């Protein structure tokens, strides 16, 4: 529907700004950032929901578009809000998550799965060359 398309455009614009600030994308141009932003999928999570758990293998990264998400690692806590990105290293290849992510409020996230990201890199060799090499899947 038109409403969903409008919402998606707003989310993509917010994601574009967040991606442009995040490592490893800071040096990318507008076209490459837009290609990545187009592949983000919306996800709404209720307050209190555990989004990811520390120690799990990460296969996707997240952009917070609304709400607040708490990251809790061993001996540290950080609260993320609109425009913050977490688990960005996961798209370069699976890593073990350093923290548990929990929604403090109803939160809208944009998610990029490593499989979709790898498909994008195959379709765009120039983007693949501009990023660090992908890590292999975990044993």
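Numbering (the working numbering), first residue to last: 867 to 1005.
Even for Gly, the Cβ is constructed at its ideal location relative to N, Cα and C.
Since we're looking at a predicted model, the values are computed, not measured.
Coil, strand or helix - residue i by DSSP
i, result
"residue 965", "strand"
"residue 990", "coil"
"residue 891", "coil"
"residue 954", "helix"
"residue 897", "helix"
"residue 972", "coil"
"residue 946", "strand"
"residue 997", "coil"
With 16 other Cβ atoms within 10 Å as the buried cut-off, status of residue i
i, result
"residue 887", "exposed"
"residue 893", "exposed"
"residue 907", "exposed"
"residue 943", "exposed"
"residue 926", "buried"
"residue 918", "buried"
"residue 902", "buried"
"residue 867", "In this prediction, residue 867 scores a pLDDT of 48, lower than 50, which makes its location untrustworthy; the coordinate-derived value is nonetheless stated afterwards. Residue 867 is exposed by the Cβ-count criterion."
"residue 945", "exposed"
"residue 989", "exposed"
"residue 879", "exposed"
Residue i versus the options, residue with shortest Cα-Cα distance
i, options, result
"residue 984", "908, 958, 998, 900", "958"
"residue 915", "952, 995, 970", "970"
"residue 968", "930, 987, 901", "930"
"residue 923", "963, 909, 911", "963"
"residue 987", "911, 912, 905, 953", "905"
"residue 941", "913, 993, 966, 880", "966"
"residue 976", "895, 896, 897, 911", "911"
"residue 938", "909, 920, 955", "920"
"residue 950", "935, 979, 913, 992", "935"
Cβ neighbours of residue i in the same chain (closer than 7 Å, five flanking residues each side left out)
i, result
"residue 899", "882, 885, 886, 891"
"residue 932", "948, 973, 974"
"residue 954", "888, 889, 927"
Sequence-distant residues of its chain with Cβ nearer than 6 Å to residue i (five each side left out)
i, result
"residue 997", "890"
"residue 994", "987"
"residue 913", "969, 971, 972"
Starting from the N-terminal side, write out each stretch of the beta strand (DSSP E) that is 3 residues or longer and does not extend beyond the segment 904-937. The segment 904-937 contains these whole beta strand (DSSP E) runs: 907-911, 916-918, 926-932.
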